[in-house]
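**Q** One structure follows; several queries about it will come next.
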Amino acid sequence: MAQLINPLAAHIQTVKRRLIVVGATILTALIVTFSFSADMVAWLNRPFPNQLVFYGPTEALFASIKVSFLSAIILSLPVIFYQCWKFVEPALLPKEQRWAIPLFLLAGGLFGLGLVFCNLVILPLVIDFFVSFGMDRDITPQLSVGTYIDFNVKFLLIFGCAFELPLAMTLLARAGVVTGKVFAQYRKHAILTTLIISAIVTPDATLFTMLLMAVPMMVLYEIGILGARLFGRGQDGGSIDLPLDPDVPMGTAGTRVR
């Protein structure tokens with residue numbers, strides 16, 4: 570039992586250390602980006618023609634923190650991707666480990682593509698739909714900065730992370746953790762999960778906004794299944810045992826060496 574606990578404890582400590590590095594990086598970036606929060610709020614306010622207002626003494630402050638947090642995550646992406654890569658690296662063969670830099674660039678590009686798609690396509694549709702709905706009924710739109718920024722930040726983060734889904738699924742299949750066949754078998758569960766996530770993260774939880782978020786995520790899941798089937802290590806449903814301590818390579822019995 571002790572032989573099993575010690576490697577597991579070492580592995581948990583490694584994961585905790587990487588999470589601490591990511592958290593410290595995001596916190597540092599948050600302090601830097603907070604100085605530019607007013608400009609970022611003005612940028613997100615472009616689809617809405619009127620000036621934003623605030624109804625509480627702390628509402629503007631928390632709105633600035635939220636938009637700064639989004640920017641901090643974007644700036645911290647290189648560190649986040651590097652730590653994620655070091656986590657999965659022991660499960661990959663030496664020739665696969667040489668794909669680190671291309672994968673970094675691909676992951677960053679996918680996250681940025683998700684942000685651009687959300688900012689240029691999804692958010693203008695959502696904001697225009699709801700604002701026009703109220704104006705057609707002779708209601709003057711007056712949005713609070715807290716609600717508006719919360720709405721934007723949630724959508725941007727979800728779409729940025731969702732666009733990483735095909736890459737994550739492909740890497741898991743390539744590492745032998747799961748196969749494209751398994752992903753396909755759990756398609757119904759994935760659809761239900763996306764609907765639940767959409768209902769939770771959308772501030773209004775209306776069917777329109779839920780579908781605008783859920784449908785692209787379902788499409789990305791299907792792309793991930795395709796990537797897992799094309800680049801997965803095997804389709805027999807088996808898995809490769811990952812080393813508990815990422816700093817120690819497996820021996821000949823595990824057939825995974827650096």
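Residues in the sequence shown are numbered consecutively from 570, following the working numbering. Backbone N, C-alpha and C define an ideal beta-carbon position, used for all residues, glycine too. The structure displayed is predicted, hence computed values, not measured ones.
Exposed or buried, which one is Met704 when buried takes at least 16 other CB atoms within 10 Å?
**A** Under this definition Met704 is an exposed residue.
**Q** Should Val657 be labelled buried (16 or more other beta-carbon atoms within 10 Å of its own) or exposed?
**A** Val657 should be labelled buried.
**Q** Would you grab the beta carbon distance between Pro735 and Leu789 for me? Rounded to a whole angstrom, and I think it's under 8 Å.
**A** With 8 Å as the limit, Pro735 and Leu789 qualify as a contact, their Cβ atoms being about 6 Å apart.
**Q** Report the rounded CA-to-CA distance for Glu628 versus Gln620, giving the unit in angstroms.
**A** Distance between the alpha carbons of Glu628 and Gln620: 15 Å.
**Q** Per DSSP, which residues does Val714 bridge with? Please list them.
**A** The partner list for Val714 (beta bridge, DSSP) is empty, contrary to what the question assumes.
**Q** Can you give me the C-alpha to C-alpha distance between Ala759 and Ile696, rounded to a whole angstrom?
**A** One C-alpha to the other measures close to 27 Å.
**Q** Looking at the ligand NAD, does it come within less than 7 Å of Val714, judged from the CB to the closest heavy atom?
**A** Although the ligand NAD was asked about, the structure shown includes no ligands whatsoever.
**Q** Does the distance from the CB of Ala731 to the CB of Met779 come in under 8 Å?
**A** Cβ distance not < 8 Å, so Ala731 and Met779 don't count as in contact.
**Q** Applying the 10 Å Cβ sphere with the 16-neighbour rule, what's the burial state of Leu588?
**A** Label assigned to Leu588: exposed.
**Q** Hey, how far is the Cα of Arg743 from the Cα of Ala797?
**A** Cα to Cα, Arg743 sits roughly 7 Å from Ala797.
**Q** Please name the residue in Phe638, Phe605, Lys655 whose C-alpha comes closest to that of Arg586.
**A** It is Lys655 whose Cα lies nearest to the Cα of Arg586.
**Q** Mind listing, in chain order, the continuous alpha helix (DSSP H) runs of no fewer than 4 residues lying wholly within the segment 658 to 701?
**A** 663 to 666, 669 to 686, all fully within the segment 658 to 701.
**Q** Using only the alpha-carbon positions, how far apart do Ile765 and Thr716 sit?
**A** Ile765 and Thr716: Cα-Cα distance of roughly 21 Å.
**Q** Please list the segments of the beta strand (DSSP E) lying wholly inside the segment 577 to 625, counting only runs of 3 or more residues, in order along the chain.
**A** Counting whole runs of 3 or more residues, the segment 577 to 625 contains no beta strand (DSSP E) stretch at all.
**Q** Using the Cα positions of Leu741 and Val690, report the straight-line distance between them to the nearest angstrom.
**A** Each residue's alpha carbon lies about 30 Å from the other.
**Q** Could you tell me whether the segment 576 to 584 touches the segment 666 to 685, using the rule of 3 or more Cβ pairs below 8 Å?
**A** They do not touch, by the three-pair rule.
**Q** At the level of alpha carbons, what is the spacing between Ala611 and Ile670?
**A** Distance between the alpha carbons of Ala611 and Ile670 is about 34 Å.
**Q** List the endpoints of the continuous alpha helix (DSSP H) containing Glu791.
**A** Here the alpha helix (DSSP H) through Glu791 covers 776 to 800.
**Q** Contact check, Ala641 vs Ile708 under 8 Å by CB: the rounded distance?
**A** No, Ala641 and Ile708 are not in contact; Cβ-Cβ is about 36 Å, not under 8 Å.
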